[in-house]
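Participant:
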Amino acid sequence: MMEVEANTIEFLTRIRQKAPLIHNITNFVVMNSSANILLAIGASPVMAHCWAEVEEMASRASALVLNIGTIQEDWLESMIIAAITANSVGIPVILDPVGAGATKLRTEAIEKIMEDCSISVLRGNCSEILSLGSADIKTKGVDSSLSLSDRTVDAARQMAIDKKCVIAISGEEDCITDGNKVFRVRNGQPVMTRVTGIGCGLSAVTAAFCAVADNNLALATAAAFGYYGLCADLAVKTSDKPGSFEVAFIDQLYSTGSEEIEGQLKIEEV
Amino acid sequence: MMEVEANTIEFLTRIRQKAPLIHNITNFVVMNSSANILLAIGASPVMAHCWAEVEEMASRASALVLNIGTIQEDWLESMIIAAITANSVGIPVILDPVGAGATKLRTEAIEKIMEDCSISVLRGNCSEILSLGSADIKTKGVDSSLSLSDRTVDAARQMAIDKKCVIAISGEEDCITDGNKVFRVRNGQPVMTRVTGIGCGLSAVTAAFCAVADNNLALATAAAFGYYGLCADLAVKTSDKPGSFEVAFIDQLYSTGSEEIEGQLKIEEV
Amino acid sequence: MMEVEANTIEFLTRIRQKAPLIHNITNFVVMNSSANILLAIGASPVMAHCWAEVEEMASRASALVLNIGTIQEDWLESMIIAAITANSVGIPVILDPVGAGATKLRTEAIEKIMEDCSISVLRGNCSEILSLGSADIKTKGVDSSLSLSDRTVDAARQMAIDKKCVIAISGEEDCITDGNKVFRVRNGQPVMTRVTGIGCGLSAVTAAFCAVADNNLALATAAAFGYYGLCADLAVKTSDKPGSFEVAFIDQLYSTGSEEIEGQLKIEEV
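Residue numbers (our numbering), protein chains in the order written: chain A, 879 to 1148; chain B, 879 to 1148; chain C, 879 to 1148.
1. Taking 8 Å as the CB-CB limit, is C:Pro1068 close to chain B?
2. Could you tell me the boundaries of the alpha helix (DSSP H) in which C:Gly1077 lies?
3. What residue does the alpha helix (DSSP H) around B:Met1070 start on, and which one ends it?
4. What is the rounded straight-line gap between the Cα of A:Ala1085 and the Cα of A:Leu942?
5. Comparing C-alpha positions only, which one of C:Phe889, C:Arg1062 and C:Glu881 sits nearest to C:Gly1135?
6. Closer than 8 Å, CB to CB, is A:Phe1103 near chain B or not?
7. When the Cα of C:Pro975 is compared with those of C:Ile959, C:Ile969, C:Asn1058 and C:Val999, which residue comes out closest?
8. Quick one: is C:Asp1021 near chain A, going by C-beta distance under 8 Å?
9. When you compare the CB positions of A:Ile1007 and A:Ile962, do they come within less than 8 Å of one another, or not?
10. Report the residues of the region 897-910 of chain C with a CB closer than 9 Å to any CB of chain B, ordered along the chain.
11. Residues of chain A with a CB under 8 Å from the CB of B:Pro1120: which are they?
12. Under 9 Å Cβ-Cβ, which residues of chain C neighbour B:Ala926?
13. Report all residues from its chain with a CB closer than 7 Å to the CB of A:Leu899; omit the five preceding and five following residues, and keep chain order.
14. Can you grab the Cα-Cα spacing for the pair A:Ala1102 / A:Val971, in whole Å?
15. Against A:Met935, what residues of chain B qualify as contacts under a CB-to-CB distance less than 8 Å, listed in chain order?
16. On the CB-based measure, 16 or more other CB atoms within 10 Å of its CB, does B:Ser1012 come out buried or exposed?
17. If we cut at 8 Å on Cβ distances, does A:Thr1116 have a partner in chain C?
18. Measure the C-alpha to C-alpha separation of A:Val1083 and A:Thr1099 and round it to an integer number of angstroms.
19. Can you tell me whether C:Pro1120 is buried or exposed, with buried defined as 16 or more other CB within 10 angstroms of its CB?
20. Any Cβ of chain B within less than 8 Å of the Cβ of C:Cys1109?
21. At what residues does the beta strand (DSSP E) containing A:Gly979 begin and finish?
22. In terms of residue numbering, what span does the beta strand (DSSP E) encompassing C:Cys1053 cover?
23. Going along chain B in order, which residues have a C-beta closer than 7 Å to the C-beta of A:Val1073?
24. Give the interface partners of C:Val1125 over in chain A, defined as CB-CB distance under 7 Å, in chain order.
25. Pair every Cβ in the region 1127-1142 of chain A with every Cβ in the region 895-911 of chain B, then say whether three or more of these pairs are closer than 8 Å.
26. Could you compute how far the alpha carbon of A:His927 sits from the alpha carbon of C:Lys1144?
27. Excluding sequence positions up to five away, which residues of its chain have a Cβ less than 6 Å from the Cβ of C:Ala1089?
28. Which residues bound the alpha helix (DSSP H) around B:Ile946?
29. Measure the alpha-carbon distance for C:Gly1075 versus B:Asp1028 and round it to whole angstroms.
30. Counting Cβ pairs, one atom from each stretch, are 3 or more of them under 8 Å apart for the region 928-935 of chain C and the region 977-984 of chain A?
31. Would C:Ala961 pass as an interface residue toward chain A - the criterion being a Cβ-Cβ separation below 8 Å?
32. Only counting the same chain, and skipping five residues up and downstream in sequence, which positions put a Cβ closer than 8 Å to that of B:Ala960?
33. Which value, in whole angstroms, describes the spacing of the CA atoms of A:Asp1052 and A:Glu1146?
34. Using a Cβ cut-off of 7 Å, pull out every chain B residue sitting near A:Ala941, in sequence order please.
35. Less than 8 Å between the CB atoms is what I'm expecting for A:Gly1079 and A:Ser1048, so what's the real figure, rounded?
36. If contacts are defined as beta-carbon pairs under 8 Å, then C:Ile1072 and B:Tyr1132 qualify, I think. What distance do you get, rounded to the angstrom?
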């Protein structure tokens, strides 16, 4: 068995034993699906966004997810309070820059969060992530919106060093790097792009894996990506249509264990 | 047939005939699932939270649900306006104290609502409910977070008297009491805790049963709990995994009638 | 093959090829389901409501959906900014008047939007739509809450002329008119009324069809209604219970193509 498979099984076992509390400040579209995804893998989700309670909630949690889809100004303030709290108590913060690059509000929200707080993992698709890099990085990554080219991997690695966090890019092939280690993950299915909240759900699952990973954040993120993609690989055996796929995928997140994982993770450290 | 079964069938029949309008001011996570749960049993859900319309909406409704998950300050004001309206027109108010005890904002929101308005049924899990009791009650209930001990039942009964409302505690075994009568309900399945919004959906279903119960609130709440748990008991025959269980559960809420109910409700009046 | 079937197939083909961006400012209850419905037919949904980004988002989109369920005052401002932008860039605006007539807030919101902006299609059920007409229209339509009487069709046609937009009334039989052409659509199933967000989802699908219809808005709306209803007709063959129906319906929206459409659309131009 690959070492990363043993790690994945170990992280998953800890999640199911400890049911870590994952505090989500996330968008309206995916609150329900992210909660169900976290419950399915064995974590305990809580959604709380009001400035008056995010400090208390984050300080009780084992990880924090910030997701800027459907952001508005008062939520940004809450995200920053929660992230500063998370930093002070030492729990991982996963940031999902939904739609970064699409509007000024979103791009600036991400920049403000990353200025004021320390982020553990930045997870998004290629265009979202690269839109947040330096001019040099945007140029490097520009040809790479679909496939994972070497130039994109280089750009991600540079960005991880610049931003001092794990960069995790979802796509047909995923790329996870802390600037030093680089993991490529090839589990996952095309139908995932036809179900809303699947990407956001991966950010939540990444938070749960990081919550139990003793600070091995790049490894935990790669494990989360591999596990999540594998559950999709198994779910398409039931259905490759989006409605019934989503149902089967939740079932797989709940039931997939060491037996299904062994030999099936397509995670490569490069 | 048990008398409570005949009552349950009668309440359900009235819901399906009259389609009572249930006004929900509820959290973002469960708005969709609560609406679907209410539609499935035959009620008419409406979600409306803006202070400018809650008075009108509550005055047209047959019951009001207040649920403080994802609460923020302006929503609390709306909840109080709606509940005062509900009190004045004489419709039942079901309060779901999601996360009470977890943050000051939530605990104080519940206290404020219960000070300013008259609540018909307070429905939550054991730790939520007991966190709202007196110091004495918290002590009484402290050993009871999992099973329904006699001490918890005593604490619930005392609380019902103190708060002048039905106390309804969900758990492996449920406890419903108005301070005088006590019902224990043993329908329901463990997988319900792995699907988000199932507890909140029970608060909504309780509202629908209370809406047609001619003020027999403890009985209507016990009937709602028994029916809801029975639908879960039937749904797990299709699947005990959370994604497909949720789908089967909605189907059962829609199709379960007198034939399935007879002899299957595990409701005991003690 | 009916001409309208050829048009429907053509519109659907364009949606699947171009994946038009549909900007939704919609209610909290249906954000997830509307996004999934749009993804299933091949469109690209985005939900964005903050005043600070709606201008940018609408100007990148191919159509705009405004839906006033769960409206609050600041969202109304955003809707108007977005609609003015949509008007200036020339993309269709679909308005769903959820609960119009039920509260003053909702009725006035619709009136304000229609005063300040140009609406392409107003889609709702009979009571919602007719509540927005003149006194004369309310009288004409008053007997028609269930079946589609000639009086309702006349009222809708007059309203289309008065409001300078397509009027699209959903019901057992649907009526779509631009004041000149009138389409009646008889695809669709009763169980659709037992799943939340199905009506709102049709508004979103109408937006996607209008986005690719070169300004043939009445025809595009009729095509959207026929296609949507046909997918329901096919989904009930899998299940007529609301939980599993919803799953099957999403699958059908994804997979139904020219083969299933030919000869199956019950669209009549009168």
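We put the CB at the ideal spot given by N, CA and C, even for glycine.
Quick caveat, the model's predicted, so the values are computed rather than measured.
Facilitator: Working from what's here:
1. no
2. Ile1076 to Ala1089
3. Premise fails: B:Met1070 is in no alpha helix (DSSP H) and is neither H nor E.
4. Rounded to whole angstroms, A:Ala1085 to A:Leu942 spans 7 Å at the Cα level.
5. Nearest C-alpha to C:Gly1135 among C:Phe889, C:Arg1062 and C:Glu881: C:Phe889.
6. no
7. C:Val999
8. Note that C:Asp1021 scores 43 on pLDDT, short of 50, meaning its location in the model is unreliable; the coordinates nonetheless yield the value given after this. No, no contact with chain A.
9. No, Cβ-Cβ distance for A:Ile1007 and A:Ile962 is not below 8 Å.
10. Asn905, Phe906, Val907, Val908, Met909 and Asn910
11. Asn914, Leu917, Ala918, Ile1128, Asp1129 and Tyr1132
12. Gly947, Thr948, Ile949, Gly977, Ala980, Thr981, Leu983 and Arg984
13. Ser922, Val924, Arg938, Ala939 and Ser940
14. 15 Å
15. Under the 8 Å cutoff, chain B gives Ala980 and Thr981.
16. It is exposed - the Cβ of B:Ser1012 has fewer than 16 other Cβ atoms within 10 Å.
17. no
18. 9 Å
19. Looking at its Cβ environment, which holds 16 or more other Cβ atoms inside 10 Å, C:Pro1120 is buried.
20. no
21. That residue, A:Gly979, is in no beta strand (DSSP E); it is neither H nor E in DSSP.
22. Asp1052 to Thr1055
23. Result: empty, since nearest Cβ-Cβ is about 12 Å, beyond 7 Å.
24. Gly1121, Ser1122 and Val1125
25. At 8 Å Cβ cutoff, the stretches do not touch.
26. So the two alpha carbons sit approximately 47 Å from each other.
27. Pro898, Ser940 and Ala941
28. Careful: B:Ile946 lies outside any alpha helix (DSSP H) and carries neither H nor E.
29. 44 Å
30. yes
31. no
32. Around B:Ala960, the same chain offers His901, Ile903, Val932, Glu933, Met935, Ala936, Leu942 and Leu944 as residues with beta carbons nearer than 8 Å, after the five sequence neighbours per side are excluded.
33. 10 Å
34. Per Cβ cutoff of 7 Å: no residues; A:Ala941 is ~16 Å from chain B at best.
35. Not really, about 11 Å apart at Cβ, beyond 8 Å.
36. In the sequence under discussion, the amino acid at residue 1072 of chain C is Arg, which differs from the Ile named in the question. The Cβ separation is near 7 Å, so the contact holds.
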